[in-house]
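All residue numbers for the sequence shown refer to my numbering, where the first residue is 330 and numbers rise by one. Backbone N, C-alpha and C define an ideal beta-carbon position, used for all residues, glycine too. Report on the following structure.
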Amino acid sequence: MVREIVLSFQQNNFVDPGKWVGFDNFTTVFADPAFGAAWLNTAAFSGLALVIGYAVPFVLAVVLNELRHAKAYLRFVVYLPVMLPPAVAVLLFKWFYDPGSGLFNQALGVVHVPALSWLDSRSTALVSLVIVSTWMNLGTGTLIYLAALQSIPGELYESAELDGAGLLKRVRHVTVPQTKLILLVMLLLQIVATMQVFIEPYLLTGGGPENATVTVAYLMYQYAFNFGDFGGGSALGLMLMVVLLVFSTIYLRVSREEAER
Numbered sequence: 330m331v332r333e334i335v336l337s338f339q340q341n342n343f344v345d346p347g348k349w350v351g352f353d354n355f356t357t358v359f360a361d362p363a364f365g366a367a368w369l370n371t372a373a374f375s376g377l378a379l380v381i382g383y384a385v386p387f388v389l390a391v392v393l394n395e396l397r398h399a400k401a402y403l404r405f406v407v408y409l410p411v412m413l414p415p416a417v418a419v420l421l422f423k424w425f426y427d428p429g430s431g432l433f434n435q436a437l438g439v440v441h442v443p444a445l446s447w448l449d450s451r452s453t454a455l456v457s458l459v460i461v462s463t464w465m466n467l468g469t470g471t472l473i474y475l476a477a478l479q480s481i482p483g484e485l486y487e488s489a490e491l492d493g494a495g496l497l498k499r500v501r502h503v504t505v506p507q508t509k510l511i512l513l514v515m516l517l518l519q520i521v522a523t524m525q526v527f528i529e530p531y532l533l534t535g536g537g538p539e540n541a542t543v544t545v546a547y548l549m550y551q552y553a554f555n556f557g558d559f560g561g562g563s564a565l566g567l568m569l570m571v572v573l574l575v576f577s578t579i580y581l582r583v584s585r586e587e588a589e590r
């Protein structure tokens, strides 16, 4: 982190001695047309991932917790994507998204829905990346939530059932209050992870089409390793770090208030 701060104020190619340039690196990245798109795409990706990737594992954990049979098998199936190397999982979805023979378009053809240009259209490219990310990380979140659910005393659910509470009411009045802290922790981890999204745009879209999927982390990579501008890449990294520190500070304050109640 300290090295990144130093580099963000230098012109440095790691061959010649570093030259102090003040805020020139920040001025350069601010003037880049891709800068605004990168932040907007990163925010949109994080928002979509929160709607999909944050909620789905919790719902899936609640369903698994309610099952009486095949729990171990289903936990294994849910966690299986996490065991795949990320590059393998992403390239698997690249085949799924193929506009010609891809699995998704074949499935759409069965129900007579026109094929989609999943990765080549501005309207679907970012959502496609969110789907990949959600599938890749679904297992970890689900198992963490499942562990939290299984630590809830069974008497609370029994009392709720005696009062006539159905599944949704039990989730609302028992499950959510009892898992509030772990929900906050997972929310922070989700934000931190999604705002650093890199491998999906790098392998699937290259930031396209028309910068529709370029993210801050991907733009940082481009500056450092495609343009050889390590100062510009470090400036972007420093800005991203500051944003994540803000989220972390908010989380620490909220969690402290929750612990004091």
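Shown here, Trp464 sits in a helix according to DSSP, grouped into three states. Look at Gln525 here: in three-state DSSP terms it is coil, with no helix or strand label.
Annotation for Asp353: the continuous alpha helix (DSSP H) segment containing it runs 353-360. Between the beta-carbon of Val571 and that of Thr544 there is about 16 Å, and that puts the pair past the 8 Å contact cut. The continuous stretches of alpha helix (DSSP H) do not include Asn540, and DSSP gives it neither H nor E. When secondary structure is reduced to three states using DSSP, Trp424 falls in the helix class. Distance from the CA of Leu467 to the CA of Pro346, rounded to the nearest whole angstrom, comes to 45 Å. When the Cα atoms are used, Leu565 and Leu517 turn out to be separated by approximately 21 Å.
Arg451 sits close to Pro538, with the two beta carbons spaced by under 8 Å. Between the alpha carbons of Tyr486 and Trp447 lies a gap of roughly 43 Å. Nearest to Asp449 by alpha-carbon distance, out of Val442, Leu458, His441, is Leu458. Contact between the stretch 469-488 and the stretch 383-400 is present, with at least three C-beta pairs closer than 8 Å. About 7 Å separates the Cβ atoms of Ala489 and His502, confirming a contact at the 8 Å cut-off.
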